[in-house]
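See structure below.
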Amino acid sequence: MSQKVCQLAGMHPELQFLMVNSNEQKEMCRRLNVHVLPMFRFYRGAEGRICSFSCTISTIYKIKDALKRHGVQLENLGPDKGLEKSELQNSDIDASYNMDGGVGAVVPNNE
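Residue 96 is where the sequence shown starts when you use the numbering used here, and the numbers rise one by one after that.
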């Protein structure tokens, strides 16, 4: 699964693909209501989270469909909304990247 997600990330350099090790970030997963793995969340600028779903190698099309459905707006998106207020209260959130699996998030790359 991780290899397929990495391939999609390579095909979409305008997006940021982030993966979190759920074993190391249990509290964050609890606060984000992640009960099934792997879980994918899509965020867009001021809109915040626009969709989330679980996906397996046999349902990888869900990620491709979400990319098509939500597209990437390159114009000014406004300030990033990011996480919900309850999610921000998590002091255990770690911004380190870990490609070993777990929870994934897809956000526009505004750099």
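Note that the Cβ used here is the ideal one computed from N, Cα and C, for glycine as well. Being a predicted model, the structure only gives us computed values, none of them experimental.
The beta-carbon distance between serine 147 and phenylalanine 135, rounded to whole angstroms, is 6 angstroms. This is short enough to meet the 8 angstroms contact definition. The three-state reading of DSSP puts serine 97 in helix, counting H, G and I together.
Rounded to whole angstroms, the gap between the alpha carbons of cysteine 150 and tyrosine 156 is 9 angstroms. According to DSSP, cysteine 146 shares a beta bridge with Phe137. For leucine 162, there is no enclosing beta strand (DSSP E); the enclosing alpha helix (DSSP H) covers residues 156-165. Looking at the backbone, the Cα of lysine 99 and that of aspartate 160 are separated by about 14 angstroms. The C-beta of cysteine 124 has 16 or more other C-beta atoms within 10 Å across all chains shown, which makes the residue buried. In the DSSP assignment, no residue is bridged to methionine 106. Your pair histidine 165 and phenylalanine 137 checks out as a contact, with CB atoms roughly 6 angstroms apart and the cut at 8 angstroms. Nearest to leucine 132 by alpha-carbon distance, out of Glu142, Met114 and Lys163, is Met114.
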